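**Q** Residue numbers (this note's numbering), protein chains in the order written: chain A, 1 to 529; chain B, 1001 to 1509.
Just so you know, even glycine gets a beta-carbon here, dropped at the ideal spot from N, CA and C.
Quantities reported herein were computed from a predicted structural model and do not represent experimental measurements.
Pasting a structure below so you can have a look.
This is the structure:
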């Protein structure tokens, strides 16, 4: 097949694989080539094992050949992801592979088992390309809290890709992979999706099994897809979603096959918007929302209305308390989830001679500042005498936030449209010394986690040359509806000029001697001073 | 002053207030949150583990429904309340035997609360309130060892990690060391009856801890509490608590202030020692386990569990005394295990009706607790080491007891037949028939034996004739011996008297 294979969407790859125009091995090789050539300046990946990737791709090709020999029915029975490369955030367990969760404390640990989503991807025939960079234990909004150095934003290599799934988002935006998985605890898929100008979805809590996913905050974590278009994101969600008996919080809710049949035609997709009732929450234009972000969102609303959707302002009155409540609940759960990293069984182990000493030394050296901060926050919030004032109250706020959304649904609203992030991507280092400023970048996404709802961020134009995301929030289990709306918006904006703009950093990435994000961060820091 | 006297004197002045905490390992096929097989004693270390019970990153717990049912069954058996919904909580603490850094336990919504247990003591029946019973996971086992070269290391065996554990906590209702032991013994019986735990203390399947404090008789406020651990048998429970009562009394008498401590029992030295001070109570930072959704216990489920409950030992004991006229002692022995009680009751049932000779409940009880128990105990560790697995059925034993009561076989022969039956698997009554162990009551046969005995013991015959009546007893004994115990003692005696009388008559003629 002529042309750059890495520019294809996953669904285009599926067509080319079935027609024999390309092979999984060719796709793998093309992406491995790009990673090899260009990731130096991006640092989206923490682990790529080319021989293993090519072996998996050849296996996919063999299965493809068998299906082709069997006939059209066998070929059609293959999952759309068959033979397609997928990146995994480095907290998804893959048997035999590293799983650092971006932390020094898991250095050297190799997962002895596959996560549920890994099994599902293998069953679908997808080719696991490698593991991507992330904020340590998914704690962060910029990927700068990775123990292995930051990742750059392909749109401006001096800027962050968002986080915590920044490696996955940057890799997809930079055409290093068509698809990637991330996790979203407070916005960690949607926010980097927004900042990198791609599609990122957090499914309903319980939609995707967490078995084998390194836990940050168990009651909020959810695995979800990144892709460059809505149909690809839907297909990846289809592959990983569904009940898993090993995760007691995974729900026995059927996964609609409609996820594989979103309209291919832009007009057909756009027509689906007619008559929809959308809500625009007034509280989501939080303090610090950039004018460009707000302008893009208002334009998106206007476009949706022009396509026959009704957009009404709605109120989610407890939004303001979401951030504070989140920063009690998530660190509290994290303080327990991270207690297992004691240096006794796996990962980093610093020995000083006695059990307590080893423990303190291992954790002292193994955790970065943000992980330590949240462990302390959580430990404090759960302490005797403080539990009710902090954790107990935060859970009540959570109930109120859920109630806000329920009231909106009860009023007949089909979905909520909102900003994903109050700002576009910021400069490396800009918020690193101001945790609260960093936390604020998730103000519009974390209430969705608190309520357990599905949310998706889709590209909605540029502000100062940087991507702005539009967030769609739906009722529990309404992923298909949300993705149909997202696909509709994609349809009506298919010919918009901003869709033709490529990430500005791509050319620079190809240049020899492109600095690493760590080097850029250092230079920026020096410049600031 | 002898220790016993010391304790008696102490108890005149101080009232012990004791609460008991029991951890019982549940008898499930798999662990509490994963599919790993329940650890057996025989398994090599760290062979029954998986990502879940090793606490690997990303692993998640899935609740073992059977374990929940076992705790609910225990709760129902002790008359406790089961909440309509419950949940699990994380108990946070750090130790190498706890791979996740927290233990999944239950905090404020235990599966069972407000029950009680009634048991016998030397001072009569006692009832202790049980505050709660909850379900949690066990920790790994630490093995402290020396490497070649002498370096001391601690090894962790995760086979025990994640085993289901039921914690049963009493109110501070226990008032003596004996009561503590009796409570633990009765609880063990109940757990075994329910089939929820093997509850072998020596094997760590049942771990008893006691909170012991003293207060001057006639006062209300509780004294400083000391937790006593490492009591690995019922006997050590009683000894350790007895020691602790005396120790605390001596300290109080000496004007010392007791410290809130955890103390261990040293069985060899017969004393408790300080394990750690508990002045600062640990903060476990409990919070609801987000990886497990709340559990609803609907009425139909509880009803099904209730319907499956066996009759408990206390009820059986009362029934045996009341309805079967057995002594409290016999009732206690017969109900020591569920299989013994069920065997006994089946034998009693088999003995009733169908027109054959019947054995009394007392007679059956004697056989069950006597000869059969002796044979079973001797077979400990073999397949026949349990009363319900010897091959001798309850009906077989009932038939044997009935035959003895009807005089069809001597007690000695019956025991012999039972022993043979125990070996061969035949029915004891068949053994008696096949081997001719039945009574020799036939006139000619008895006379033949008596003639021989009289002929062989002229001295005894002479004694008798000289007026020593007791010589008859000797001759009866000799005759019984000659029949191998099968002779009917009454018939033999009559025949001897007749024989001696006949001789007199002939002599006089």
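Which residue's Cα is closest to the Cα of residue 307/A: 202/A, 274/A and 265/A?
**A** Here residue 307/A corresponds to residue number 307 of the first chain, with the count starting at 1. For the residues 202/A, 274/A and 265/A, the minimum Cα distance to residue 307/A belongs to 274/A.
**Q** Spell out a yes or no on whether the region 165-183 of chain A and the region 211-229 of chain A are touching, meaning 3 or more CB-CB pairs, one atom from each, closer than 8 Å.
**A** The answer is yes - the region 211-229 of chain A touches the region 165-183 of chain A, with three or more Cβ pairs under 8 Å.
**Q** For the region 1164-1188 of chain B, enumerate the residues whose C-beta is nearer than 7 Å to any C-beta of chain A, in chain order.
**A** The region 1164-1188 of chain B vs chain A, Cβ under 7 Å: nothing.
**Q** When DSSP labels each residue in this structure, what does residue 310/A get in the three-state scheme?
**A** If you number the first chain from 1, residue 310/A lands on position 310. Here residue 310/A sits in strand by DSSP.
**Q** Out of 332/A, 136/A, 325/A and 460/A, which has the shortest C-alpha to C-alpha gap to residue 217/A?
**A** By one-based count along the first chain, residue 217/A stands at place 217. With distances taken between Cα atoms, residue 217/A lies closest to 332/A.
**Q** DSSP three-state call for residue 1278/B: helix, strand or coil?
**A** Residue 1278/B sits at position 278 when you count from the first residue of the second chain. In this structure, residue 1278/B counts as coil in the three-state DSSP scheme.
**Q** What's the gap between the Cα of residue 1303/B and the Cα of residue 1086/B?
**A** Indexing the second chain from 1 puts residue 1303/B at position 303. Indexing the second chain from 1 puts residue 1086/B at position 86. Residue 1303/B and residue 1086/B: Cα-Cα distance of roughly 17 Å.
**Q** For residue 249/A, go through chain B and note every residue whose CB falls closer than 9 Å to its CB, in chain order.
**A** Here residue 249/A corresponds to residue number 249 of the first chain, with the count starting at 1. What residue 249/A touches in chain B: 1060, 1290, 1291, 1292 and 1293.
**Q** Measuring straight from C-alpha to C-alpha, what distance separates residue 1119/B and residue 1171/B?
**A** What you label residue 1119/B is simply residue 119 of the second chain in a count that begins at 1. What you label residue 1171/B is simply residue 171 of the second chain in a count that begins at 1. So the alpha carbons of these two residues sit roughly 15 Å apart.
**Q** Check the Cβ-Cβ distances between residue 210/A and every residue of chain B, and say whether any is below 8 Å.
**A** The count along the first chain starts at 1 and reaches residue 210/A at position 210. Yes, its Cβ sits closer than 8 Å to a Cβ of chain B.
**Q** Here's the rule I'm using: 16 or more other beta-carbon atoms within 10 Å means buried, otherwise exposed. How should residue 148/A be labelled?
**A** On the first chain, position 148 is the one that residue 148/A refers to. That one is buried.
**Q** Could you say which of 1024/B, 1328/B, 1012/B and 1137/B lies nearest to residue 1125/B if we only look at CA atoms?
**A** Locating residue 1125/B in the second chain gives position 125, where the first residue counts as 1. Looking at the Cα atoms, 1328/B is the closest of the given residues.
**Q** Name the chain A residues that come within less than 7 Å of residue 1099/B, Cβ to Cβ?
**A** Indexing the second chain from 1 puts residue 1099/B at position 99. Going along chain A in sequence order, the residues near residue 1099/B (Cβ under 7 Å) are 340 and 345.
**Q** Tell me which residue opens and which closes the alpha helix (DSSP H) that residue 409/A is part of.
**A** Counted from its first residue, the first chain places residue 409/A at position 409. Element bounds for residue 409/A: 393-410.
**Q** What separation, rounded to the nearest whole angstrom, lies between the Cα atoms of residue 1310/B and residue 1391/B?
**A** Position 310 of the second chain holds residue 1310/B. Position 391 of the second chain holds residue 1391/B. Using only the alpha carbons, I get a separation of about 24 Å.
**Q** Can you check the region 1334-1387 of chain B for any alpha helix (DSSP H) of at least 4 residues that lies completely inside it and give the ranges in chain order?
**A** List check, alpha helix (DSSP H) in window: 1338-1351, 1361-1367 and 1373-1378.
**Q** Would you mind giving the Cβ-Cβ distance between residue 28/A and residue 80/A, rounded to the nearest angstrom? I have them listed as a contact below 8 Å.
**A** As a working note, residue 28/A is residue 28 in the first chain. As a working note, residue 80/A is residue 80 in the first chain. Their Cβ separation, rounded to whole angstroms, is 17 Å, which puts residue 28/A and residue 80/A out of contact at 8 Å.
**Q** Please compile the residues from chain B whose C-beta is within a distance smaller than 7 Å of the C-beta of residue 246/A.
**A** If you number the first chain from 1, residue 246/A lands on position 246. Ordered by position in chain B, the residues that pass the 7 Å Cβ test against residue 246/A are 1060 and 1062.
**Q** Does the beta-carbon distance from residue 195/A to residue 161/A come in below 8 Å?
**A** Along the first chain, read from residue 1 onward, the residue named residue 195/A stands at position 195. Along the first chain, read from residue 1 onward, the residue named residue 161/A stands at position 161. It is a contact, given that the beta carbons lie within the stated cut-off.
**Q** How many Å lie between residue 1003/B and residue 1375/B at the Cα?
**A** As a first step, residue 1003/B is located in the second chain; it is residue number 3 there, counting from the start. As a first step, residue 1375/B is located in the second chain; it is residue number 375 there, counting from the start. Bear in mind that the predicted position of residue 1003/B carries a pLDDT of just 47, short of 50, making it too unreliable to give a figure here.
**Q** Give me, in chain order, the residues of the same chain whose beta-carbon lies closer than 6 Å to that of residue 1399/B; leave out the 5 immediate sequence neighbours on both sides.
**A** As a first step, residue 1399/B must be located in the second chain, where it is residue number 399. So the list reads 1429, once near-sequence residues are dropped.
**Q** Which ranges would you report for the alpha helix (DSSP H) in the region 59-145 of chain A if only whole runs of at least 4 residues count?
**A** Listed in chain order, the complete alpha helix (DSSP H) runs (minimum 4 residues) inside the region 59-145 of chain A are 72-77 and 116-124.
**Q** Taking the Cβ atom as the reference point for each residue, do residue 469/A and residue 421/A lie within a distance shorter than 8 Å?
**A** Reading the first chain from its first residue, position 469 is the one you call residue 469/A. Reading the first chain from its first residue, position 421 is the one you call residue 421/A. For residue 469/A and residue 421/A, yes; Cβs fall inside 8 Å.
**Q** Which residues in chain B have a C-beta closer than 9 Å to the C-beta of residue 379/A? List them in chain order.
**A** Here residue 379/A refers to the residue found at position 379 when the first chain is read from its first residue. 1092 and 1285, listed in chain order.
**Q** By the criterion of Cβ-Cβ separation under 8 Å, what are the contact partners of residue 1054/B in chain A?
**A** Numbered from 1 along the second chain, position 54 holds the residue referred to as residue 1054/B. Neighbours of residue 1054/B on chain A, chain order: 345.
**Q** Under 8 Å between beta-carbons, which chain A residues line up against residue 1102/B? List them in chain order, please.
**A** Looking up residue 1102/B in the second chain gives position 102. In chain order: 336 and 339.
**Q** What is the DSSP secondary structure of residue 1267/B, counted as helix, strand or coil?
**A** Within the second chain, the letter at position 267 stands for residue 1267/B. Note: residue 1267/B maps to coil in three-state DSSP.
**Q** How would you call residue 1274/B, buried or exposed, if buried means at least 16 neighbouring beta carbons within 10 angstroms?
**A** Position 274 of the second chain holds residue 1274/B. Exposed: under 16 other Cβ atoms inside 10 Å.
**Q** Is the beta carbon of residue 1113/B sitting closer than 8 Å to the one on residue 1132/B?
**A** Along the second chain, one-based indexing puts residue 1113/B at 113. Along the second chain, one-based indexing puts residue 1132/B at 132. Against a cut-off of 8 Å, the Cβ pair of residue 1132/B and residue 1113/B comes out as a contact.
**Q** Looking only at its chain, what residues have a beta carbon closer than 7 Å to the beta carbon of residue 352/A, apart from the 5 residues adjacent to it on each side?
**A** Within the first chain, residue 352/A is the residue found at index 352, counting from 1. These residues qualify, in order along the chain: 358 and 361.
**Q** For residue 1096/B, which residues in chain A fall below 7 Å Cβ to Cβ?
**A** Here residue 1096/B refers to the residue found at position 96 of the second chain. By Cβ distance, chain A contributes 344 and 355.
**Q** Which residues of chain B have a Cβ atom closer than 7 Å to the Cβ of residue 382/A, listed in chain order?
**A** Taking the first residue of the first chain as 1, we reach residue 382/A at position 382. What residue 382/A touches in chain B: 1285 and 1287.
**Q** Taking the C-alpha atoms as reference points, what is the distance between residue 1342/B and residue 1349/B?
**A** Counting from one through the second chain, the residue named residue 1342/B turns up at place 342. Counting from one through the second chain, the residue named residue 1349/B turns up at place 349. Using only the alpha carbons, I get a separation of about 10 Å.
**Q** Which residue wins for smallest C-alpha separation from residue 1009/B, given the options 1246/B, 1252/B and 1162/B?
**A** Your numbering for residue 1009/B matches position 9 in the second chain. The shortest C-alpha separation from residue 1009/B is found at 1246/B.
**Q** So with CB distances below 7 Å, who are the chain B contacts of residue 444/A?
**A** Walking along the first chain from the start, residue 444/A turns up at place 444. Ordered by position in chain B, no residue passes the 7 Å Cβ test against residue 444/A, which lies about 23 Å from the chain.
**Q** Give a yes or no on whether the minimum CB-CB distance between residue 1045/B and chain A is below 8 Å.
**A** For this step, residue 1045/B is matched to residue 45 along the second chain. No, no contact with chain A.
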